[in-house]
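Numbering (numbering that gives the first Met the number 0), first residue to last: 0 to 302. Yeah, the Cβ is synthetic: ideal placement off N, Cα and C, and Gly gets one too. Since the structure comes first, as structure tokens, the remarks are kept for the end.
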Amino acid sequence: MADKFTKGGQEAWFHDQGHWGGFFHTYDSFQVAGSDEEPRKIHIFLPRDYEVSQESYPVIYMNDGDTAFFPGGAYDKTWNMAQVVTRLYLRNQIRKVIVVAICPLNRDYEYTHAPVWTHDWGGLSNYASYLAHSVKGFIDDNYRTITAADKTIIVGSSHGGLAAFYTATQYPDQFGCVAALSPSFWVGLDSTIDVSLFELFGPFHGSLKESELISTAYKTLQNPNQRLKLYLDWGLVREGGFHNTFIEERATARGREMQELLVQDFGYQENENLFVLEDIMGEHTEESWSERMEKVLSIFFGV
Numbered sequence: 000m001a002d003k004f005t006k007g008g009q010e011a012w013f014h015d016q017g018h019w020g021g022f023f024h025t026y027d028s029f030q031v032a033g034s035d036e037e038p039r040k041i042h043i044f045l046p047r048d049y050e051v052s053q054e055s056y057p058v059i060y061m062n063d064g065d066t067a068f069f070p071g072g073a074y075d076k077t078w079n080m081a082q083v084v085t086r087l088y089l090r091n092q093i094r095k096v097i098v099v100a101i102c103p104l105n106r107d108y109e110y111t112h113a114p115v116w117t118h119d120w121g122g123l124s125n126y127a128s129y130l131a132h133s134v135k136g137f138i139d140d141n142y143r144t145i146t147a148a149d150k151t152i153i154v155g156s157s158h159g160g161l162a163a164f165y166t167a168t169q170y171p172d173q174f175g176c177v178a179a180l181s182p183s184f185w186v187g188l189d190s191t192i193d194v195s196l197f198e199l200f201g202p203f204h205g206s207l208k209e210s211e212l213i214s215t216a217y218k219t220l221q222n223p224n225q226r227l228k229l230y231l232d233w234g235l236v237r238e239g240g241f242h243n244t245f246i247e248e249r250a251t252a253r254g255r256e257m258q259e260l261l262v263q264d265f266g267y268q269e270n271e272n273l274f275v276l277e278d279i280m281g282e283h284t285e286e287s288w289s290e291r292m293e294k295v296l297s298i299f300f301g302v
């Protein structure tokens, strides 16, 4: 059963899917008043006792919100985040959190910082600003959140992982924590207007250190007073189709390069402010990312 209500001038639906850990508010057409932004769907998973508690909560912002809780996306898969969070609550392994899942409008455009193969990609700068101001602004104004950056994480996988990393480096005062799973750090290097899709499978094109991504992120990464807390991972399975054979291979190679760069050039300390996982059974799939989220949430919100 779903009940309609209005919050902050936005129409939303309350719906309870029977998860012990919480219930949902879903905004089918979220759009900040007076903006020219296109409306989009946003799911919010709130702790079960949210309405009767006075507590404020850390917030998890998730890219690819259409797959966070329910089957969706190109492959009709899901991370099952409500189940993941509920399991950790029942084991008393994490504190209570609010999860905000933002559905994409044009995923390839919104989640990439550089044109890839066509000029229809490269809109991440605008999307990052939208998250930092419109979405986070609305959530903080209308829900009981802990607004501090170190209690706010942005999460994503593949292009969504790239977008999470980029957004936090551009807005470190809003997003102090990042979980980038199988991130597409290869965008703008192994894929440009001048590098075809088929060349992605060939030799590497340039170094991450000299990339537009690192150039854009440099100001934040080199500032010890804005040190992000980062989690990076990738899977090592290379069978089972295009995404494992090629895309996850690139995510692994560029992820290792990023790990080395963060430690050697920017002074990150592993297992202190940089956490890295190589999943020997990991694939480029929502199922694998879902399995790894228990570790992610325990790192950032463990009790």
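| Item | Value |
| --- | --- |
| Going by C-alpha to C-alpha distance, which of Pro103, Tyr49 and Ser52 sits closest to Thr66? | Pro103 |
| Looking only at its own chain, which residues have a Cβ that is under 8 Å from the Cβ of Ile101, when we skip the five neighbours before and after it? | Arg39, Ile41, Tyr60, Met61, Asn62, Gly64, Leu130 and Val134 |
| I'd like the list of long-range same chain contacts for Thr144, defined as Cβ closer than 7 Å, with 5 residues on each side in sequence excluded. | Ser55, Tyr56, Val58, Ile97 and Ile138 |
| Thinking just about the alpha-carbon of each residue, which of Asn105, Val302, Met80 and Arg226 is nearest to the one in Ser287? | Met80 |
| State the beta-bridge partners of Met317 as determined by DSSP. | Look at the range of the chain in this structure, 0 to 302, and you will see that residue 317 is not part of it. |
| With a threshold of 16 other CB atoms inside 10 Å of the CB of Lys208, please say whether the residue is buried or exposed. | exposed |
| Take Val31 and list the residues in its own chain whose beta-carbon comes closer than 6 Å to its own, dropping the five residues that flank it on each side. | Ser133 |
| Let me confirm a value: Arg90 is counted as buried when at least 16 other C-beta atoms fall within 10 Å, else exposed. Which label applies? | exposed |
| Between the C-alpha atoms of Gln9 and Tyr26, what's the straight-line distance to the nearest angstrom? | 7 Å |
| Pairs of beta-carbons, one from the stretch 164 to 173 and one from the stretch 270 to 283, closer than 8 Å: are there three or more? | no |
| Who are the Cβ neighbours of Gly234 in its own chain at under 6 Å, not counting the five residues just before and after it? | Glu247, Asp278, Gly281, Glu282 and Ser287 |
| If you draw a straight line from the C-alpha of Leu87 to the C-alpha of Met292, how long is it? | 10 Å |
| By how many angstroms is the C-alpha of Asp172 removed from the C-alpha of Ile192? | Its pLDDT being 49, under 50, Ile192 is placed unreliably by the model, and the measurement read from it follows with that caveat. Each residue's alpha carbon lies about 33 Å from the other. |
| Going by DSSP in three states, His14 sits in which element: helix, strand or coil? | strand |
| Which same chain residues end up closer than 6 Å to Leu220 when comparing Cβ atoms and leaving out the 5 residues on each side of it in sequence? | Phe265 |
| Measure the beta-carbon distance from Val83 to Ser289 and round it to whole angstroms, keeping in mind my assumption that it falls under 8 Å. | 6 Å |
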